[in-house]
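Note sheet for the following structure.
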Amino acid sequence: MNVFRYRAVPCESGSAGVVICPLDLLNGTCKADCYSRVSLRLKDGDKLPYRPGDSVDLFACNNEADVSWLLRRMDGKVSPDQFLILKHNLASRKSSPGGPPVDIPITPRFIIRHHLELHSLASRKTIRLLATCCSNEDEKRILLKMGTREGAQLYDKLIKKTSATIMDLLTTFSSCSPSLETMLELFPPLAARPYSLIDE
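Written as structure tokens, this is what we have:
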């Protein structure tokens with residue numbers, strides 16, 4: 376099994392730490408300025424010290440329907456709820472700025488739901504990597520062409536102008552069945568969404 380280089384993202388020094396709490400209310404308004412209003416319900420005894428103007432980073436997990444669909448598209452070498460341990464690949468030349476935790480038991484379902492940005496835009500590099508997972512030669516050829524300089528016009532027309540994501544490509548190219556390791560390379564780490572705090 377191939378493994379790739381990842382590391383867990385620590386909390387920044389000086390942060391109040393991680394508080395897990397449900398969202399009570401989420402609504403948005405787009406008039407002159409777009410904003411979302413989120414109400415957090417803290418557990419009894421939990422405190423979140425802040426001053427108006429401070430911000431918090433929220434990690435929103437991926438939609439379960441997207442996660443289940445992607446798990447069905449995997450190459451089938453591991454089951455969605457099988458515990459795995461990700462290891463660092465010292466031969467890897469690049470270092471990842473984030474990603475799933477290593478050296479602890481974790482399932483593919485948990486990795487995809489909580490650690491991968493599923494709706495990221497498709498780059499030429501990800502398209503070339505996706506091509507290696509296609510069993511249909513025509514689909515593989517199209518993806519490989521889009522990933523080259525010669526296919527720049529095709530890439531612009533089909534990907535850039537439509538803001539196509541990796542999930543869109545997986546939907547379109549049905550013979551692509553990436554492994555978990557390939558998915559870890561295709562999808563960037565799930566990013567936190569920063570929100571400003573106000574007093575109400």
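Counting in the working numbering, the sequence shown runs from 376 upward without gaps. By construction, the Cβ of each residue, glycine as well, lies at the ideal position given by its N, Cα and C atoms.
Query                                                                                                : Result
Environment of Glu525 [buried if 16+ CB atoms lie within 10 Å]                                       : exposed
Simplified DSSP state of Leu572, which is helix, strand or coil                                      : coil
CB contact flag (Glu492, Phe562, <8 Å)                                                               : yes
Short Cβ contact (8 Å threshold) for Leu565 with His494                                              : no
Extent of the continuous alpha helix (DSSP H) to which Val453 belongs                                : Unbroken run through Val453: none, as it is neither H nor E.
Ala435 at chain D interface by Cβ criterion, 8 Å                                                     : Looking at the structure shown, chain D is missing, and only one protein chain is on hand.
Neighbour-count burial assignment, Cys509, 16 or more Cβ in a 10 Å radius                            : buried
Pro480 (DSSP reduced to helix, strand or coil)                                                       : strand
At least 3 beta-carbon pairs within less than 8 Å: the region 418 to 434 vs the region 520 to 537    : no
Alpha-carbon spacing of His463 relative to Arg503, whole angstroms                                   : 23 Å
Counted within 10 angstroms of its Cβ, other Cβ atoms place Cys551 as buried (16 or more) or exposed : buried
Residue interval of the alpha helix (DSSP H) (run including Pro433)                                  : First, the amino acid is wrong: residue 433 is Leu here, not Pro. Careful: Leu433 lies outside any alpha helix (DSSP H), inside the beta strand (DSSP E) at Ser430 to Leu433.
Terminal residues of the alpha helix (DSSP H) in which Ser560 lies                                   : Sequence check: residue 560 is Glu here, not Ser. Per DSSP, Glu560 belongs to the alpha helix (DSSP H) from Leu555 to Leu561.
Three-state secondary structure (DSSP) of Leu491                                                     : strand
DSSP beta-bridge partners of Ile460                                                                  : Pro480
Cβ neighbour criterion (16 or more within 10 Å) applied to Pro480                                    : exposed
Those residues which DSSP pairs with Pro564 across a bridge                                          : Leu491
Cβ pair Leu518, Ala506 closer than 8 Å                                                               : yes
Alpha carbon of Gln457 to alpha carbon of Leu545, nearest angstrom                                   : 23 Å
Minimum C-alpha distance to Ser554 - residue among Phe485, Glu439, Val453 and Ala567                 : Val453
Contact check, Ser430 vs Tyr530, beta carbons under 8 Å                                              : no
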